[in-house]
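Protein chains in written order, with this note's numbering: chain Z, 1 to 492; chain S, 1001 to 1492. Virtual Cβ for every residue (Gly too), placed ideally from N, Cα, C. Quick notes on the structure that follows.
There are 2 protein chains.
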Amino acid sequence: MTKTGAAGALVSVEIDRSSDVPIHIQIAGSIRTAIQSRRLQPGIRLASTRALARDWNVSRNTVLHVFENLMSEGLVQSRVGSGTYVASVPTERRPSTKKHQNGDRGETETKYPFKGLSRRGRSLVAQSQLGLSEKPVAFMPDVPDIRAFPMRSWLRLMNEVSGRLKGDILISITNTGYDPLREAIANHLNLTRGLSCTKDDIIITTGTQQSVDLVTRLLLERGDPVWVEEPGYMGTRATLLANGCAPYPIPADTDGMNVEDGIANAPVPRMVVISPSRHYPLGGRLSAERRQALLELSKQSGTWILEDDYDSDFDYGSGSPSALQADDTEGRVILIGTFSKTLLPSFRLGYIVSPPDLAHDFAHARSVMDRHAPIFEQLVLSEFMHRGLYATHLRTMRSLYCERQAALVDRLDKELGYIPNPSELASGMHIVLPLSDDVDDRETVRRLQADGTVARPLSIYYANKKRRSGIILGFAGYTPEEINLSRLDVLR
Amino acid sequence: MTKTGAAGALVSVEIDRSSDVPIHIQIAGSIRTAIQSRRLQPGIRLASTRALARDWNVSRNTVLHVFENLMSEGLVQSRVGSGTYVASVPTERRPSTKKHQNGDRGETETKYPFKGLSRRGRSLVAQSQLGLSEKPVAFMPDVPDIRAFPMRSWLRLMNEVSGRLKGDILISITNTGYDPLREAIANHLNLTRGLSCTKDDIIITTGTQQSVDLVTRLLLERGDPVWVEEPGYMGTRATLLANGCAPYPIPADTDGMNVEDGIANAPVPRMVVISPSRHYPLGGRLSAERRQALLELSKQSGTWILEDDYDSDFDYGSGSPSALQADDTEGRVILIGTFSKTLLPSFRLGYIVSPPDLAHDFAHARSVMDRHAPIFEQLVLSEFMHRGLYATHLRTMRSLYCERQAALVDRLDKELGYIPNPSELASGMHIVLPLSDDVDDRETVRRLQADGTVARPLSIYYANKKRRSGIILGFAGYTPEEINLSRLDVLR
């Protein structure tokens, strides 16, 4: 079974090269069994990775994988300059097969070789986004006016299209979503964002969070450097970290992400996550020079660009610039969008616009993750878009939010003497009220909250210690009467 | 910056221990920058992992992680018996910052250090579940009779509850789902499955596929041994493999998974995935002895048990056994269920019943993955359950499917001379028609399909080469008139 010599033990393993179990997992399994059954005794030194690779006819990398797995389970130990040794495995690792006796439940000491969450489980949990206040009360940002949602037309449509709820679509739709909805979204984006995509490029998701998770799992390795905006959207950073990637915060200013700074100071990224049309949360638009530099970086290095197009529908007059994806000649820009801000967050509907080469891979990945988004909302939204009701709704909301923004700007000026930068007012659903950087904005927000006012501190959007202080004032969801600046007295 | 000696180079790195970026990622970042900026020259040998661990004040494991990351990026190379060296990095890795010139698009050679999908992305895609025929035509298994779904009551309820679609729930619900629905599910399971769970233990998901993905990411490491049933559900195996786990196929017979066989021949698993109430796809029920042995294994080793309770609602007379989770005194059994078979697959609704200790972790993980399931279906289903309509629907479907099963059994006997094992008939929505093992059942299915009959070959449910041959005959979704056994003539 094993040949041992001065060069360390070779271990014979069974490899089924036609199996869908990865080879390093098969080999680790054989060795695990050999160790647990004591065919490989504790203290035995294993042969070098080179020798084992030759013996098993696999790559050195595969052997390293095997060792890493066995090490993480405590089955082998590595000693520097000396090699890899079989660890002593407690016999308690083998499960007892004796029957469970009623009555001795309290007495048996349980020994768990496997405890609690996995490492990646702990990363997931550590990045949790719970705990942010989510009440639709002024000035909670990132939510539409839920009372302005055309619920009656939506329900009417729901009844109307329910007749189509029969046959194949009740069993399953394609993993990328309901085809007529994909088509409606492609049409909308081609018209409003300068794209020339087809329905085949659209993947319906359950929102931005899932879109980012899907893109991360499909395209990024653990440890991959990813540029993110500083400050920037926490949800994206959380997903990257939860998946073991390395987000590098690149400073953003009124011209968006400082791409030059990233090129000078950060490693070449495997992906850049960016909100070029309107930086989140500061509101700047990526300058033409930086757009160009970013596309050039992508062209030179094959860097993926994840364009978070979360807010392009609410521009107030100046017109949205076309999407970055529209200028991408290399098929490296992936655009993600959401209906959480234009319709309702709880519908959980978003989309990915994939470069043509990748669309199929997204569909495959989705089939393993969760199959597809629920059918009914997709059916109704599809009809809502095809009949032009979505475009009408956007126009209505745009002028409503534009008025509300103007009212807030006016009162910020009159009551607090603050005038926002015009670059921030071209679009968006909130205004950032800067505080002096020695003010703890989290504390300020806590005091406001005790008073019934919901707001978000600016500092929580920063990954680095160096943070600007401020308050995010969401205005879209609230009438001027509901907005009470006097509560912001505390800021003066 | 670096001290080099006979013992190899030490590298000074910046570590921010309060940052949420994992330390090994921070260190890898510092070294990456040092290599790319040529502060660390190609060919330099790095100090031993032990020396670096001491120098950085981190564990050896962390250093190994750093090396693994840098190796996978090609920035360092390891030479056996000699150490780890800085690789020669092509200068093209640094992105050019020169402006993109219009007109030279076709001429510039692009060099991509980052290519295509990530390794984990390739695993995801490789496990794709696409390609199975999904037409609701006899004998496609795993689907309910979609025509028997009470669409009119459902729509009426939809209109009725739509008035509740206002306020906070339009913004966000808890990551674990709509509370009244969680309560309805807990009540239903306590009544029908012998559980004593509360709504706090219930996590609403978008179906089994997402449930398994969530559990896997939360609880399992890459390389972790997991027992799965052989044959067994492909979707689960796919998710495990896509997440880098090591599924060990444990043979199943008419008494369910052969737990003794697993204990004797497979490594101690970190998780066992099992369908104890009705084995999928063979239909056996886990014997009392094996239930006990499995719970004992879990108690001794801390092994998680993922109980796939996919089919417990359709038992025909003998009564479902209580869920395995009901007998779990250690909080190690996680139960998952789905509404895809009792309502409609395209609604994408399922649930996890978590041991109390884990419920919070599931909520946290969910907040990073996709927030929560869409609200509207949850609201309607909640009402559907609270009014007793769900229980009524189950009763109706149970007697319908029972009749259809009897009709199929009768005709299998009369027309093909085949009598199924009684253990297979106690519940379920399909019958397995065994073929001689030298028949290629995939080929048989292809021939049937050309003739308009949809069926699944039994062999595709096996992970190992040793497979039984057979045809899965789903009967639940089709009237006796739609079921045409004469097409199965080919089998004789």
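Tell me, please, whether the CB atom of residue i is closer than 8 Å to any CB atom in chain B?
i, result
"Z/Gln41", "Any reference to chain B falls outside this structure, whose protein chains are Z and S."
Suppose the cutoff is 7 Å on Cβ atoms and the five residues either side in sequence are ignored; what does the same chain contact list for residue i look like?
i, result
"S/Tyr1462", "Glu1230 and Pro1231"
"S/Arg1237", "Val1228, Pro1247 and Ala1463"
"Z/Asp451", "Arg487"
"S/Glu1330", "Ser1298 and Lys1299"
"Z/Leu64", "Thr49"
Is there a C-beta anywhere in chain S that falls below 8 Å from the one on residue i?
i, result
"Z/Ile471", "no"
"Z/Thr515", "Here chain Z has residues from 1 to 492 only, and residue 515 of chain Z is not among them."
"Z/His188", "no"
"Z/Ala493", "For residue 493 of chain Z there is no data in the structure shown, the boundaries of chain Z being 1 and 492."
"Z/Ser382", "no"
"Z/Phe139", "no"
"Z/Arg94", "Note that Z/Arg94 scores a pLDDT of 35, beneath 50, so its modelled location is shaky; the value from the coordinates is reported in the next line. So, interface residue."
"Z/Thr206", "yes"
"Z/Thr110", "Because Z/Thr110 sits at a pLDDT of 38, beneath the cut-off of 50, its placement in the model cannot be relied upon, and the following sentence gives the value as read from the coordinates. Yes, its Cβ sits closer than 8 Å to a Cβ of chain S."
"Z/Lys199", "no"
"Z/Asp255", "no"
"Z/Glu221", "yes"
Taking 8 Å as the CB-CB limit, is residue i close to chain Z?
i, result
"S/Met1369", "yes"
"S/Asn1069", "yes"
"S/Leu1052", "no"
"S/Asp1104", "Per-residue confidence for S/Asp1104 stands at a pLDDT of 36, beneath the threshold of 50, marking its modelled position as unreliable; no derived number is given."
"S/Phe1376", "yes"
"S/Gly1283", "no"
"S/His1430", "no"
"S/Leu1117", "yes"
"S/Ser1486", "no"
"S/Ala1009", "no"
"S/Leu1124", "yes"
"S/Leu1218", "yes"
Quick one: is residue i buried, meaning 16 or more other Cβ sit within 10 Å of its Cβ, or exposed?
i, result
"S/Ile1419", "exposed"
"Z/Asn175", "buried"
"Z/Gly29", "buried"
"Z/Asn258", "buried"
"S/Pro1356", "exposed"
"Z/Leu191", "exposed"
"S/Arg1017", "exposed"
"S/Asn1421", "exposed"
"S/Glu1068", "buried"
"S/Glu1415", "exposed"
"S/Thr1392", "exposed"
"Z/Asp328", "buried"
Ordered along the chain, which non-local residues of its own chain (more than five positions away) have a Cβ less than 6 Å from that of residue i?
i, result
"S/Phe1362", "Ile1203 and Ser1354"
"Z/Tyr280", "Tyr233"
"Z/Thr206", "Arg348 and Ala373"
"S/Glu1424", "Gly1283"
"Z/Ala242", "Ser123, Leu124 and Gln127"
"S/Asp1313", "Thr1342 and Leu1394"
Check the C-beta distance from residue i over to residue j and give it rounded, since I have them as a contact under 8 Å.
i, j, result
"Z/Pro457", "Z/Thr444", "7 Å"
"S/Leu1010", "S/Leu1052", "7 Å"
"S/Phe1139", "S/Leu1473", "4 Å"
"Z/Ala455", "Z/Ile431", "About 11 Å; that fails the 8 Å criterion."
"S/Ser1211", "Z/Ile375", "Not really, about 19 Å apart at Cβ, beyond 8 Å."
"Z/Ile31", "Z/Val66", "7 Å"
"Z/Asp369", "S/Gln1209", "One point to set straight first is that residue 369 of chain Z is Met, not Asp, in the sequence displayed. About 7 Å; that satisfies the 8 Å criterion."
Heavy atom of the ligand ADP less than 7 Å from the Cβ of residue i, yes or no?
i, result
"S/Ala1051", "With respect to the ligand ADP, the structure offers nothing, as it holds no ligand at all."
Within a Cβ cutoff of 8 Å, which residues of the same chain sit near residue i, ignoring the five residues on either side of it in sequence?
i, result
"S/Ala1252", "Glu1229, Glu1230, Pro1231, Gly1232, Asn1258, His1279, Leu1282 and Gly1284"
"Z/Thr396", "Ala148"
"Z/Tyr316", "Arg398, Tyr401, Cys402, Gln405, Leu425, Ala426 and Ser427"
| task | Taking a Cβ distance cut-off of 9 Å, strictly less, list which residues of the region 1230 to 1248 of chain S are near chain Z, in chain order. | result | Per Cβ criterion, the list reads Gly1235, Arg1237, Ala1238, Thr1239, Leu1241, Ala1242, Asn1243, Gly1244, Cys1245, Ala1246, Pro1247 and Tyr1248.
| said: At a CB distance below 7 Å, what residues from the region 1341 to 1357 of chain S approach chain Z? Give them in sequence order. | reply: Here the close residues are Leu1344, Pro1345, Ser1346, Phe1347 and Arg1348.
| query | Listed from N- to C-terminal order along the chain, which residues in the region 173 to 185 of chain Z have their beta-carbon within a distance smaller than 8 Å of any beta-carbon of chain S? | reply | Residues passing the 8 Å Cβ filter: Ile173 and Asn175.
| request: Mind checking the region 1141 to 1174 of chain S against chain Z and listing, in chain order, the residues whose C-beta falls within less than 8 Å of any C-beta there? | output: From the region 1141 to 1174 of chain S, only Val1143, Ile1146, Arg1147, Phe1149, Met1151, Leu1155, Met1158, Asn1159, Ser1162, Leu1165, Lys1166, Gly1167, Asp1168, Ile1169, Leu1170, Ile1171, Ser1172 and Ile1173 have a Cβ closer than 8 Å to chain Z.
| request: For the region 322 to 335 of chain Z, enumerate the residues whose C-beta is nearer than 8 Å to any C-beta of chain S, in chain order. | output: Within the region 322 to 335 of chain Z, the residues whose Cβ lies closer than 8 Å to some Cβ of chain S are Thr329 and Glu330, listed in chain order.
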